[in-house]
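Take a look at the structure set out below.
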Amino acid sequence: MSAEDFRALYERHVGHVVAGDMKAALADMVQENLPAVFEGVTVPRGAVNGHEIKAVRAEDGKQIGETVYDTPDGMIGLRSIWELHDGVWKAAALENFPVPGDPA
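Residue numbering for the sequence shown follows the numbering used here, beginning at 10 and increasing consecutively.
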């Protein structure tokens, strides 16, 4: 997948999260990994005041997207790791990353 194609896919996924369309966001994920992918990870739940995509890159045969979400509960840095599953790129893992300036 080209960098441009992954960016478009990732931007669409982030748009689902920002819109609160969790059904569409979950459809972008490896179904076998649910709900374990969310264990120990803080994710936006509900309203998102704003967001900024910080990075989109390929790494070790995977695609990585990083976004900071501004939620009523604070800033959330969320990294998603995408893998090719049955010919389709899907988010296989999530992890948080520190947001500069956020006390949490």
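Think of the CB as a built atom: it goes at the ideal place given N, C-alpha and C, for glycine as much as any other residue.
Tell me whether the beta-carbon of residue i lies closer than 8 Å to the beta-carbon of residue j.
i, j, result
"I62", "T76", "yes"
"H60", "D37", "no"
"V57", "V108", "no"
Quick one: what does DSSP say residue i is sitting in, helix, strand or coil?
i, result
"R21", "helix"
"L43", "coil"
"A67", "strand"
"E13", "helix"
"V97", "strand"
"A102", "strand"
"V26", "helix"
Mind checking residue i: buried by the 16 CB within 10 Å criterion, or exposed?
i, result
"L87", "buried"
"K32", "exposed"
"L93", "exposed"
"P53", "buried"
"A64", "exposed"
"M84", "buried"
Going by alpha carbons, who is nearest to residue i out of the options?
i, options, result
"G55", "E68, D30 and E92", "D30"
"E13", "G24, Q72, T80 and D79", "Q72"
"T80", "E104, T51 and A17", "T51"
Closer than 8 Å, CB to CB, is residue i near chain C or not?
i, result
"M38", "This model lacks chain C altogether; it includes just one protein chain."
Exercise. How do the region 40 to 50 and the region 91 to 102 stand: do at least 3 beta-carbon pairs fall below 8 Å, yes or no?
Worked result: Yes, the region 40 to 50 touches the region 91 to 102.
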